[in-house]
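Residues in the sequence shown are numbered consecutively from 519, following our numbering. Virtual Cβ for every residue (Gly too), placed ideally from N, Cα, C.
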Amino acid sequence: MKKAIFTLAIGDNPMYQAAILSFQHYADKVGADLIISDSLHYPINIENPKHSASPAWAEKLRIGELLKEYDRVLYVDADILITPNARNIFTEYEDPDCIYMLNEGAHSDRSLEKSLIEQQLGEVDWPIVNGQPDYYNVGVMLLSQPHQLFSYCDLPLLQSVCNHIRFYEQTVFNYQIFKQQLKHTAISASFNRMDMFGEEGYLDADFIHYAGKGYAKNNRRRDVQFLKDFAQLYAGIVSEEDIKRLKAQAWQQYLNKIYKKYPLPNFLLKLLCERNVPH
């Protein structure tokens, strides 16, 4: 069986570099090819969107192309850290007819997303559990060749809604899964562990997702926190030199943001950060 792990990582962000090192370690362990998109292949026009939107989100359409070559594809966002002892998700979830993702709708109300896309594309039989709609997070997706999601999701569809709905590609994927009645199953939170589940024990998860502020006090500190955790988890696996280099890059990028934000001398800001920001 031919397996791939796919991610999108554009630029030299040290968090992305560390994430890719963790992905490669995992790919070697589970016998998968690691495929990285370092540029965009799906030209989408984001113009005056009503909600936050990025052209990079359309790159997930490449999963459909990869499924023509690979039996199974695991997509992971580049703000995810796969821990060294992570279980093999390919053997944990084996049904080739099923798409596997985290049902964040079970933990956070996504009624707005449902309402916005149904206003654009029409109502569907959307599963509602305990008064809240099911809604999958696409930061981690496991699909196999038989699954037809990408027969119903293409660039023109994303273009038609990207300026009108929240999380446009994620919401479209959910909409089409339910409209076309495609087989879907929720994965354990351990395979997409976000800070909505709290901080206790998060380093014990299989896949740690640093979406939003990502276990840090604020979004500016996210990359620093990612590299701090990476250094702890991958000590003795990744070279000490590489870990130090990536941590230093993340720290300097954080300081540069602070220097721009606050009208104090840089040396004083650096001293305050070194004393108060875990890194």
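Q: Would you mind listing the alpha helix (DSSP H) stretches within the region 547–596 that are 4+ residues and don't spill past its ends, in chain order?
A: 580–584
Q. In whole angstroms, what is the alpha-carbon distance linking Ala527 and Arg580?
A. 14 Å
Q. Beta carbon of Arg590, beta carbon of Met519: below 8 Å?
A. yes
Q. Would the region 658–677 and the region 545–556 be scored as touching if the rule is three or more Cβ pairs under 8 Å?
A. Between the region 658–677 and the region 545–556, the count of Cβ pairs shorter than 8 Å is below three; the stretches do not touch.
Q. Which word fits Lys578, buried or exposed, when buried means at least 16 other C-beta atoms lie within 10 angstroms of its C-beta?
A. buried
**Q.** Glu565 versus Ala753 - alpha carbon distance
**A.** Looking at the two C-alpha atoms, the distance is approximately 44 Å.
Q) Three-state secondary structure (DSSP) at Gly640? A) coil
Q) Who does Ile600 pair with in a DSSP beta bridge? A) Within the DSSP bridge table, the entry for Ile600 names Phe725 as partners.
**Q.** Rounded C-alpha distance that separates Leu764 from Asn606
**A.** 27 Å
Q: Decide if the region 688–702 is in contact with the region 591–604; the criterion is three or more beta carbon pairs, one per stretch, under 8 Å apart.
A: no
Q) For the candidate residues Ala550, Ile617 and Tyr777, whose alpha-carbon lies nearest to that of Gly582? A) Ile617
Q. Between Pro712 and Asn655, what straight-line distance do the alpha-carbon atoms span, to the nearest angstrom?
A. Note on residue identity: the sequence assigns Met, not Pro, to residue 712. Looking at the two C-alpha atoms, the distance is approximately 10 Å.
Q. What separation, rounded to the nearest whole angstrom, lies between the Cα atoms of Ala749 and Gly640?
A. 47 Å
Q: For Ile755, count neighbouring Cβ atoms within 10 angstroms of its own Cβ and tell me buried if that reaches 16, exposed if not.
A: exposed
Q. By a C-beta neighbour count over all protein chains shown, 10 Å radius and 16 as the cutoff for buried, is Asp643 buried or exposed?
A. exposed
(Q) Quick check on the burial criterion: 16 or more other C-beta atoms within 10 angstroms. Buried or exposed for Ser669? (A) exposed
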